[in-house]
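Going by full-length UniProt numbering, the first residue of the sequence shown is number 1, and it counts up by one from there. Glycine included, every Cβ here is placed at the ideal spot set by N, Cα and C. In what follows, a single structure is set out as structure tokens and then discussed.
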Amino acid sequence: MQSPSDLSDVGAQGRLRELSGDAQIVGRLRQALLSWDHRATPTLDGFLQDVPQAAQELAALFWPQQDLQGLQPLLEAFVHREVYDWVFGLIKPTLAAEDWRLYGLSREFCHRNGSPKQLGATFYNFVPNAAVVELSTLPTKRTPLEKLHCLQSSYDYIFAEVKGALISVIAKYSDKELELPLISNEEAAPILMAVIMKSKLFYAHSELAYIRTLGRGLLESHAHLRQIFAKFEEALERIQRQPISDAMGDQLANQMDVCETIEFVQRSAAKQPKKTIFAEETGRVARLITAATTETLNF
């Protein structure tokens, strides 16, 4: 499988120019693709079968009698990208209700500053920002492979940030830095659910349906991508059926008055030893508040 950078919009165009020796090859390919009436294909399954054929015809037209390694995937990615808006437009109406409901849940979750604890997390109660940022770029990806790699990166960021936080806490409170606990997929599930909602995707269900349909071959031939995709499908299902707890006790308030601030600092200082990553973060904030409010006092 070619790397995602090779099949990205910029990477694919550069590679096609390199293989053809023609700086105008992208425009010529687009012009040739206009002769393919993809809108006449009655079903997405039929369209999926037509994509390799369209790529083969483009290869025969611009690279006759040449067997160039990697050309077929490049041209298939090019075809997917060029007709993406039309294909995705077919999928969205079929999942409008599911997409709208999930987006509403996501907005409410973000408005209430929700956490993985509300979704079933026990120990790893924080949302990795890098994973949220990465997943929020999913709508900008225009091929099945690009979207799958976006899901993979988002999932990898979850484990990377959790492990980084664990290392920080263990290094501070323990002499067993090399004895990191294992993070299971089940423990990561509530974090993934929170990442999905924090990313506030307009068409989350449609995005996965696009991958499931147009990326069928990739999912069948790459077990790792298939497993990660299944985790996202499972997370969406759990969000839809699992009520979100109203308990917000582990959230840091954005605005507190003087009395609330004093109470927060005292309560945080009394929680020893700190047992969770979030508790460590709470303690850090409490120490910052104490430092900021006492540094100019003379005793």
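Starting from the C-beta of residue i, find all residues in its chain whose C-beta is less than 7 Å away, skip the five residues before and the five after it, and write them out in chain order.
| i | result |
| --- | --- |
| S199 | V132, L135, S136 |
| H111 | none |
| L68 | L19 |
| W36 | A54 |
| E233 | L208 |
Quick one: is residue i buried, meaning 16 or more other Cβ sit within 10 Å of its Cβ, or exposed?
| i | result |
| --- | --- |
| A77 | buried |
| F202 | exposed |
| A60 | exposed |
| P128 | buried |
| H205 | buried |
| T143 | buried |
| P190 | buried |
| A121 | buried |
| T41 | buried |
Starting from the C-beta of residue i, find all residues in its chain whose C-beta is less than 6 Å away, skip the five residues before and the five after it, and write them out in chain order.
| i | result |
| --- | --- |
| M197 | S106, F109 |
| I239 | M193 |
| A253 | The predicted position of A253 is uncertain, since its pLDDT is 45 and thus under 50; a value taken from the coordinates is nonetheless stated next. Around A253: no qualifying Cβ. |
| S154 | A131, E134, L135 |
| Y84 | R142 |
| D99 | Y203, H205, S206 |
| T213 | L44 |
Report the three-state DSSP secondary structure of residue i (helix, strand or coil).
| i | result |
| --- | --- |
| Q24 | coil |
| G11 | helix |
| P64 | coil |
| L252 | Low local confidence applies: a pLDDT of 46 at L252 is under 50, so the model's placement there is unreliable, and no value is given. |
| D37 | coil |
| G70 | coil |
| T94 | helix |
| V87 | helix |
My guess is that residue i and residue j are in contact by the Cβ rule of under 8 Å, so how many angstroms apart are they, rounded?
| i | j | result |
| --- | --- | --- |
| residue 319 | L145 | The chain is shown only over 1 to 299; residue 319 falls outside these bounds and no answer can be derived. |
| A209 | I25 | The pair is not a contact, with the Cβ atoms about 32 Å apart (cut-off 8 Å). |
| A194 | P139 | The pair is not a contact, with the Cβ atoms about 19 Å apart (cut-off 8 Å). |
| L119 | I211 | That belief does not hold up - the Cβ atoms of L119 and I211 are roughly 23 Å apart, past 8 Å. |
| L48 | R216 | 7 Å |
| F62 | L29 | 7 Å |
| H38 | D50 | 7 Å |
Is any heavy atom in the ligand ADP found nearer than 7 Å to the beta carbon of residue i?
| i | result |
| --- | --- |
| E146 | Among the ligands in the structure shown, none appear at all, so the ligand ADP cannot be discussed. |
Which residues in the same chain as residue i place their Cβ atom closer than 8 Å to its Cβ, once the five residues preceding and following it in sequence are excluded?
| i | result |
| --- | --- |
| A12 | D6, L74, A77, F78, R81 |
| L236 | L102, I196, A204, H205, L208 |
| N185 | K231 |
Practice task
Run through the UniProt domain "VPS9" (96 to 248) for me and flag every whole alpha helix (DSSP H) of 4 or more residues, listed as ranges in chain order.
Solution key: Those alpha helix (DSSP H) runs which fall completely within the UniProt domain "VPS9" (96 to 248) and span 4+ residues are 96 to 111, 129 to 135, 144 to 173, 185 to 199, 204 to 214, 216 to 221, 223 to 241.
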